[in-house]
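Remarks on the structure that follows.
Protein chains in written order, with the numbering used here: chain A, 1 to 121; chain B, 1001 to 1874.
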């Protein structure tokens, strides 16, 4: 029974973080799903690979919560794509999440001791 | 964003599709720009993207109505699955339909009897009031002056009225007929909030004796005797040879608040001034009905009645302590003691439903094993555990839905059968409509059962570790010992429930047998009874009536195919009716402690014809006439109560001071004459030739070796030949009479018996299912055992021991359960204890035997396993 347990934990951990990563990515401007995935990957220097299986459900969930909005636009390569952007409540949410995150990471950093600066997204 | 869901859903689906297309296109372009080959880039992109369908599905779930959509999908899937396994589906649906059907049928009776209100406006404000008079026996009648007191002094009621039911002969219209009538207070119809259809109600003045020669017809009597004509109002009719004027007709739907149909109403007709003097000539009323004032509770009314009663002097022959006032809702009075029976039945069908659920759970578990692979694959493809559980639950729900429909059909179909068993006189049971409440109940019980039988299998099946079941060849089944425990528990539970149901059914059956067939005191077969009241005008008590009865009995007794005719009271009695008597040479007893006995005039042939054994002395003879010494017979109950140890033969008694002393000539055996469930009452039998005729409500009875029903018209013809003016009342065989009297316990017994039998079948099938499943499960293990030298006998023993454990546990729990639950039916039992050892040992023995058989067959199968085939098939 060890296997399913581990699997579930990974998703849970990802979910909260992923929401924040998405919101953060959208802070700089509207972006489509593929772009968001690329941005998160680039932002974490290719360390964090976002699974599409998590990304799209997260995007649609955030949209339902009213934190982001979507519209169809053409990309720079004339590719029609669905762009997401932050709403006012999404920005507030991000601010809240960010402060909670920094508290948490500071605490973890304190525990792990200096030199270990893991989790700085 | 508020769009029509389906339309919006399709658009969203499309949009999601495009979104993913765009994602893939952009990703591929990036790869090509990085210099990859177009084909390789596309393949890599798809690989990187992952399971597109799964992603789409999980994304869709985020939209919110994914659950509904999933439910529809699951339902379709479930239907497909069920169609693929017709044997399983049919069995499960049938078992569920039985369970739900039985529950619905019983609930529809409860709905009709206990939940629906009486057919009167604001009927929950109606009360029944009566006095309970405890002397040597208990009588439920009300003294007329007490009723009049209540009427004058109460503050709790808007109105209060009394009535008596009696049989009267109606002449002056067509053929003379005997009809059931009531004498009712003028207040009664207004307090029931009923208006006559035609004409008027009685006036207050007409309540008084001497002014009461008016009558209101029932709708059916109006139709029969007056052809439904308006000219009936004002017509003269004769009741017991007295003239009454028709003043009204009741509406068709009106039902007088007594169990039987009432054809005619006349005023109560009491001499109120004389009654209030409370002389010894005071009369009684049988029923009092009152309507509570708004805001007054039944308890307040009861308290007030008690206060009024405490200020009333009791009649000379009773003391205060002997009279209590009973106040209860009219509905409870009419429904009577049926409530306990109904709840016992509901409990029984509840158990039955649990049994049915256990059986279906069995089947589902068996199926879960064969579907283990399916579940594992689905799980591997990304279905979450919750999703799988949900899917199996939906399958259970679909199964329950079909079972529920089947159950409703069953309940609907058995309705007419059920109705034919339902005793008369319970208002509301003329029909058993399947109303919304009943439908709701059926749906609820189906849903509950789906949860009960579905959750266990769903959790076990969906809990299978994926890799385990995929990698192995299916030899090792899910859950191991936990699963086995579950199954054993299931089987034991079924056995326990079967014991509870069967002992309950067995006790009811014995009780019914005792009630209906044992200690009747006479032989009821092939007796036909005819209610005949010699016309009081033309055959007054004395020589005239004696002569008429002599002639009538002779004429009937000589009919071809008739063994003889007799006149007298008939068991099981039309209720309890007693009078005082005194024994010569004994001091007058204190007030309220007088000796009482049922007193009936009978023909000399009565005891021979009914086969009532003589215990002492001699029986009545044709030669006992007015010309000879007055004699009586007494029954054993009277001899035991009032002649303890003394020899009653030769002693004398009389009932009224003006009467002559009558010598006790003999003692006869007790007959159940005070109702089937009551112990026989002390009884005095007088020869009618010495009393000058029959009392009220006595019968003419014949015995015949032929089918008694065929003789009815012959009997009528003979009476008419003798006197065309003499009406003949109701005719029935003694068996019919006894069945009618036992109809309520009969319904309960038949139903409980059926439920117990069904329970037995379900439990046996269930136990067999579990055992054979366990054996199948251990096939390979048994194969190995046999291969390394175990004897078939050892294998059989091993399986049987497993069965014994289950059976033992089930029986132990079942006996405890039965001891507790049978206490609830104690009040319904007659002549048998709720812990009757015989019933228990027989039931348990029988069930143990059946259970052993259910284990033996799979065990035998196991011992016949061919190890080679079994091991190779893995």
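Yeah, the Cβ is synthetic: ideal placement off N, Cα and C, and Gly gets one too.
Within-8 Å CB hit, residue i to chain A
i	result
residue 1405 of chain B	no
residue 1063 of chain B	yes
residue 1869 of chain B	no
residue 1436 of chain B	no
residue 1771 of chain B	no
residue 1374 of chain B	no
residue 1347 of chain B	no
residue 1019 of chain B	yes
Rounded C-alpha distance that separates residue i from residue j
i	j	result
residue 1251 of chain B	residue 1513 of chain B	42 Å
residue 1271 of chain B	residue 1410 of chain B	57 Å
residue 1630 of chain B	residue 1187 of chain B	46 Å
residue 106 of chain A	residue 1073 of chain B	47 Å
residue 1392 of chain B	residue 1437 of chain B	29 Å
residue 1745 of chain B	residue 1703 of chain B	27 Å
residue 1484 of chain B	residue 1361 of chain B	14 Å
residue 1173 of chain B	residue 1237 of chain B	7 Å
residue 1594 of chain B	residue 1539 of chain B	33 Å
residue 1473 of chain B	residue 1783 of chain B	The predicted model places residue 1473 of chain B with a pLDDT of 45, which falls under 50 and marks its position as unreliable, so this point remains unresolved.
residue 1199 of chain B	residue 1562 of chain B	48 Å
residue 1325 of chain B	residue 1449 of chain B	47 Å
residue 1182 of chain B	residue 1166 of chain B	6 Å
residue 38 of chain A	residue 52 of chain A	11 Å
residue 1275 of chain B	residue 1283 of chain B	7 Å
Below-8 Å beta-carbon distance, residue i vs any chain B residue
i	result
residue 87 of chain A	no
residue 52 of chain A	yes
residue 39 of chain A	no
residue 108 of chain A	no
residue 81 of chain A	yes
residue 173 of chain A	Residue coverage of chain A in this structure runs from 1 to 121, which leaves residue 173 of chain A outside it and unanswerable.
residue 69 of chain A	no
residue 73 of chain A	no
residue 29 of chain A	no
residue 33 of chain A	yes
Beta-carbon separation (whole angstroms), residue i vs residue j, contact threshold 8 Å
i	j	result
residue 1247 of chain B	residue 1256 of chain B	About 17 Å; that fails the 8 Å criterion.
residue 1550 of chain B	residue 1600 of chain B	Their Cβ separation, rounded to whole angstroms, is 18 Å, which puts residue 1550 of chain B and residue 1600 of chain B out of contact at 8 Å.
residue 1733 of chain B	residue 1708 of chain B	5 Å
residue 1583 of chain B	residue 1759 of chain B	That pair is no contact at about 55 Å.
residue 1634 of chain B	residue 1684 of chain B	6 Å
residue 1358 of chain B	residue 1144 of chain B	Incorrect: roughly 60 Å between the Cβ atoms, too far for contact.
residue 1062 of chain B	residue 64 of chain A	6 Å
residue 1895 of chain B	residue 1293 of chain B	Summary: the structure shown does not reach residue 1895 of chain B, with chain B confined to residues 1001 through 1874, and so no result is reported for it.
residue 86 of chain A	residue 108 of chain A	That belief does not hold up - the Cβ atoms of residue 86 of chain A and residue 108 of chain A are roughly 27 Å apart, past 8 Å.
residue 1457 of chain B	residue 1364 of chain B	4 Å
residue 1031 of chain B	residue 1022 of chain B	Actually they are not in contact, since the Cβ atoms of residue 1031 of chain B and residue 1022 of chain B sit about 15 Å apart, beyond 8 Å.
residue 1731 of chain B	residue 1712 of chain B	5 Å
residue 1940 of chain B	residue 1728 of chain B	The structure shown has nothing for residue 1940 of chain B, since chain B only spans 1001 to 1874.
**Message:** With three or more C-beta pairs closer than 8 Å as the rule, is the segment 1510-1524 of chain B touching the segment 1764-1774 of chain B?
**Reply:** Touching, no, given that fewer than three Cβ pairs across the two stretches are closer than 8 Å.
**Message:** Going residue by residue through the segment 1163-1248 of chain B, where are the continuous beta strand (DSSP E) segments of at least 3 residues, counting only ones entirely within it?
**Reply:** For the beta strand (DSSP E) assignment, the uninterrupted runs of no fewer than 3 residues enclosed by the segment 1163-1248 of chain B are, from N- to C-terminal side, 1177-1184, 1214-1217, 1236-1239.
**Prompt:** Hey, which unbroken runs of the beta strand (DSSP E) at 3 residues or more fall wholly within the segment 1113-1161 of chain B?
**Reply:** DSSP runs (the beta strand (DSSP E)) wholly in the segment 1113-1161 of chain B: 1126-1134, 1138-1140.
**Prompt:** Touch check for the segment 1397-1413 of chain B and the segment 1079-1097 of chain B: three-plus C-beta pairs under 8 Å?
**Reply:** Yes: at least three Cβ pairs fall under 8 Å.
**Touch test, the segment 1543-1555 of chain B against the segment 1852-1866 of chain B, Cβ-Cβ under 8 Å, three pairs minimum** = A contact between stretches requires three or more CB pairs, one per stretch, nearer than 8 Å, and the segment 1543-1555 of chain B fails this requirement with the segment 1852-1866 of chain B.
**Request:** Mind the definition here: the segment 1494-1509 of chain B touches the segment 1192-1205 of chain B only if three or more C-beta pairs lie below 8 Å; say whether that holds.
**Result:** Between the segment 1494-1509 of chain B and the segment 1192-1205 of chain B, the count of C-beta pairs closer than 8 Å stays below three; the two stretches do not touch.
**Message:** Could you tell me which whole beta strand (DSSP E) segments of length 3 or greater appear in the segment 1581-1655 of chain B?
**Reply:** If only uninterrupted beta strand (DSSP E) runs of at least 3 residues are considered, those enclosed by the segment 1581-1655 of chain B are 1595-1602, 1614-1617, 1631-1635, 1652-1654.
**Segment contact, 8 Å Cβ cut-off, at least three pairs: the segment 1668-1676 of chain B with the segment 1554-1565 of chain B** = Taking 8 Å as the limit for Cβ pairs, the verdict is that the segment 1554-1565 of chain B does not touch the segment 1668-1676 of chain B.
**Request:** Would you check if the segment 1224-1231 of chain B and the segment 1302-1322 of chain B touch, i.e. whether three or more CB-CB distances between them fall below 8 Å?
**Result:** Put simply, the segment 1302-1322 of chain B does not touch the segment 1224-1231 of chain B. Fewer than three CB pairs are less than 8 Å apart.
**Minimum length 3: unbroken beta strand (DSSP E) runs contained in the segment 1484-1554 of chain B** = As far as the segment 1484-1554 of chain B is concerned, its whole beta strand (DSSP E) runs of at least 3 residues are 1527-1531.
**Prompt:** How do the segment 1107-1117 of chain B and the segment 1189-1204 of chain B stand: do at least 3 beta-carbon pairs fall below 8 Å, yes or no?
**Reply:** With fewer than three CB-CB distances shorter than 8 Å, the segment 1107-1117 of chain B does not count as touching the segment 1189-1204 of chain B.
**Request:** Tell me, please, whether the segment 1158-1168 of chain B touches the segment 1348-1358 of chain B by the rule of three or more beta-carbon pairs shorter than 8 Å.
**Result:** Contact between the segment 1158-1168 of chain B and the segment 1348-1358 of chain B is absent: fewer than three C-beta pairs spanning the two stretches fall below 8 Å.
**contact_flag[the segment 1734-1742 of chain B, the segment 1322-1334 of chain B] where n(CB pairs < 8 Å) is 3 or more** = Not touching, per the Cβ criterion.
**Prompt:** Counting pairs of beta carbons, one from the segment 1828-1840 of chain B and one from the segment 1805-1813 of chain B, are three or more of them closer than 8 Å?
**Reply:** With a cut-off of 8 Å, the segment 1805-1813 of chain B and the segment 1828-1840 of chain B do not count as touching, because too few Cβ pairs lie within range.
**Prompt:** Is the segment 1614-1627 of chain B touching the segment 1680-1698 of chain B in the sense that three or more CB pairs, one from each, lie closer than 8 Å?
**Reply:** The segment 1680-1698 of chain B, when compared against the segment 1614-1627 of chain B, does touch it at the 8 Å Cβ threshold.
**Asked** Could you give the uninterrupted runs of the beta strand (DSSP E) lying entirely in the segment 50-89 of chain A, keeping only those of 3 residues or more?
**Response** The qualifying runs are 68-74, 80-86.
**contact_flag[the segment 80-94 of chain A, the segment 23-38 of chain A] where n(CB pairs < 8 Å) is 3 or more** = Output reads yes: the segment 23-38 of chain A touches the segment 80-94 of chain A.
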